[in-house]
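These notes are about the structure you will find just below.
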Amino acid sequence: MSSGSSDFLRPYEEARGGSSLQPVFRFAPSPNGYLHIGHAYSVLRNYEMAREQDGRFLLRIEDIDIDRCRPDYEQAIYEDLAWLGITWEQPVLRQSEHFAVYASAVERLRERGLLYPCFCTRLDISRAVSGVRDWPRDPDGAPIYPGTCRHLSLDERDRRLASGQHAALRIDMSQALSEAGMLLAWCEYGEGDEPRDVRAEPMLWGDTVLARKDIPTSYHVSVVIDDARQGITDVVRGKDLFNATSLHRLLQALLDLPAPRYRHHDLLRDAAGQKLSKSTRAKSIRTLRAEGVKPEDVRRRLGFDLAPHH
Ligand code: GLU
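Using this note's numbering, the letters of the sequence shown correspond one by one to residues 1 to 310.
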């Protein structure tokens, strides 16, 4: 593993004036839809823990997906959070304003031979694995990349890049593991008060994409960089991101970033036991507001005490 502080973090470390013991929490929504009651639960968990621990609470807009994110959704996030009685520090970090930072971290990994360009389309990949029964899938349900472009010769890579073909950058997982070591773990609180060590299993993701064809980063790269840049000490988020943390720990090790504590909370379920999400048409906070539901009702229903505290 390389040593020394990461250059792309330095301005932030100076701005923060060094480390402090004060806990720092964050809520990091993507403005690709309206917030629903599951988001309300997650943000209130963060906000209330920050308050109880005399910590800071930050909001981060994760809008790297420029095709799916919209300014009106972002505006709605601010309004819905304010309606819930939540306040946050300014300025708000908007990831779409920081592509150069993420790109420089990706470049560092690429220079170390940990990434390779991949020209495959989704269709190429599904064709390549279609003949194989029970081909393994990553925690997001995508087939593990079969490694097609890992085997391209340097000449072939250069030829394709020079001819203007778009390439994503994938992590060479076995190479990355041999650099970062196999014994990565994180401190997990789950729903309890006592932390436990969880062994990271980044290999679950295979040679996953770290920089997409259309944007020079990915959720995984941006989130670890911003958790570090913003000095986040406690990541509190839903259990649906539990497995992503394995990959985040690997990236933190490779980029010399500190590891926050993690708490992956239970997900809210609807009456039928389905996870609440946009895809299951959970009621948005907007809709609840329009129906005359009060913020106190939402807080009570989610198990938080009644008065928002400032
Ligand atoms: N932006 C991600 C989402 O909306 C959350 C990221 C995180 O909390 O790490 O699902």
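Where is the CB? At the ideal position from N, CA and C, for every residue including glycine.
Run of the beta strand (DSSP E) containing residue i, from where it starts to where it stops
{"i": "isoleucine 61", "result": "56 to 61"}
{"i": "glutamate 188", "result": "185 to 188"}
{"i": "tyrosine 262", "result": "261 to 265"}
{"i": "isoleucine 171", "result": "168 to 171"}
{"i": "alanine 211", "result": "209 to 211"}
{"i": "proline 117", "result": "115 to 118"}
{"i": "aspartate 197", "result": "196 to 199"}
{"i": "valine 235", "result": "234 to 238"}
Buried versus exposed call for residue i [16 or more other C-beta atoms within 10 Å across all chains shown]
{"i": "glutamate 194", "result": "exposed"}
{"i": "proline 71", "result": "exposed"}
{"i": "arginine 249", "result": "buried"}
{"i": "serine 279", "result": "Note that serine 279 scores a pLDDT of 49, beneath 50, so its modelled location is shaky; the value from the coordinates is reported in the next line. Flag for serine 279 reads exposed."}
{"i": "aspartate 155", "result": "exposed"}
{"i": "arginine 127", "result": "exposed"}
{"i": "threonine 121", "result": "exposed"}
{"i": "proline 136", "result": "exposed"}
{"i": "serine 246", "result": "buried"}
{"i": "glutamine 95", "result": "buried"}
{"i": "alanine 82", "result": "exposed"}
{"i": "leucine 257", "result": "buried"}
Selected residue, minimal CA-CA separation from residue i, among the options
{"i": "arginine 300", "options": "Pro31, Leu84, Cys69, Arg70", "result": "Leu84"}
{"i": "histidine 166", "options": "Phe119, Glu156, Gly147", "result": "Phe119"}
{"i": "methionine 316", "options": "Pro91, Glu89, Ala200, Arg170", "result": "Residue 316 is absent from the model: the chain starts at 1 and stops at 310."}
{"i": "tyrosine 34", "options": "Arg133, Arg159, Tyr73, Ser130", "result": "Tyr73"}
{"i": "proline 139", "options": "Gly147, Ala176, Leu204, Glu97", "result": "Leu204"}
{"i": "threonine 287", "options": "Pro29, Phe25, Ile37, Leu184", "result": "Ile37"}
{"i": "isoleucine 144", "options": "Val223, Leu93, Asp124", "result": "Asp124"}
{"i": "glutamine 252", "options": "Asp158, Phe27, Ala185, Val43", "result": "Ala185"}
{"i": "glycine 231", "options": "Leu59, Arg133, Phe242, Ser130", "result": "Leu59"}
{"i": "alanine 76", "options": "Asp54, Pro29, Glu296", "result": "Pro29"}
{"i": "histidine 264", "options": "Asn32, Pro23, Pro31, Val43", "result": "Val43"}
{"i": "arginine 110", "options": "Leu93, Thr233, Val221, Leu302", "result": "Val221"}
{"i": "phenylalanine 99", "options": "Arg45, Thr217, Val223", "result": "Thr217"}
{"i": "valine 106", "options": "Asp305, Tyr219, Gln22", "result": "Tyr219"}
{"i": "glycine 206", "options": "Asn243, Thr233, Asp227", "result": "Asn243"}
{"i": "isoleucine 64", "options": "Arg45, Ile86, Asn32, Tyr78", "result": "Asn32"}
{"i": "aspartate 158", "options": "Thr148, Gly141, Pro117, Ile86", "result": "Pro117"}
Reduced DSSP category for residue i - H, G, I as helix; E, B as strand; rest coil
{"i": "isoleucine 144", "result": "coil"}
{"i": "arginine 299", "result": "helix"}
{"i": "arginine 150", "result": "helix"}
{"i": "serine 222", "result": "helix"}
{"i": "arginine 133", "result": "coil"}
{"i": "leucine 204", "result": "helix"}
{"i": "leucine 93", "result": "strand"}
{"i": "arginine 68", "result": "coil"}
{"i": "lysine 278", "result": "Summary for lysine 278: the model assigns pLDDT 49, below 50, so the residue's position carries little reliability, and this model does not support an answer."}
First through last residue of the alpha helix (DSSP H) which encompasses residue i
{"i": "alanine 244", "result": "244 to 254"}
{"i": "phenylalanine 99", "result": "99 to 111"}
{"i": "glutamate 43", "result": "A small fix is needed here, since residue 43 is valine in this sequence, not glutamate. Here the alpha helix (DSSP H) through valine 43 covers 37 to 52."}
{"i": "arginine 26", "result": "Premise fails: arginine 26 lies in the beta strand (DSSP E), 24 to 27, not in any alpha helix (DSSP H)."}
{"i": "glutamate 312", "result": "The displayed coordinates of the chain run from 1 to 310. Any statement about residue 312 would go beyond what the structure contains."}
{"i": "alanine 290", "result": "285 to 290"}
Neighbourhood of residue i by C-beta, 6 Å cutoff - its chain only, sequence neighbours within 5 removed
{"i": "proline 91", "result": "none"}
{"i": "phenylalanine 57", "result": "Phe25, Tyr47, Ala50, Trp88"}
{"i": "aspartate 80", "result": "Leu35, Ile285"}
{"i": "lysine 213", "result": "His166, Ala168"}
{"i": "arginine 108", "result": "none"}
{"i": "valine 129", "result": "Trp135, Pro143, Pro146"}
Neighbourhood of residue i by C-beta, 8 Å cutoff - its chain only, sequence neighbours within 5 removed
{"i": "leucine 114", "result": "Ile171, Asp172, Gln175, Ala176, Glu179, Leu254"}
{"i": "valine 298", "result": "Ile37, Ala40, Leu84, Ile285, Leu288"}
{"i": "glutamine 53", "result": "Pro23"}
Residues near residue i in its chain [Cβ-Cβ closer than 7 Å; skip 5 each side]
{"i": "cysteine 187", "result": "Pro195, Asp197, Arg261, Tyr262"}
{"i": "leucine 268", "result": "Ile37, Gly38, Tyr41, Leu276"}
{"i": "aspartate 266", "result": "Glu191, Lys239"}
{"i": "alanine 290", "result": "none"}
Lining residues of ligand 2 - beta-carbon closer than 7 Å to any non-hydrogen atom, in sequence order: Within the structure as shown, ligand 2 is missing, the only ligands being ligand 1.
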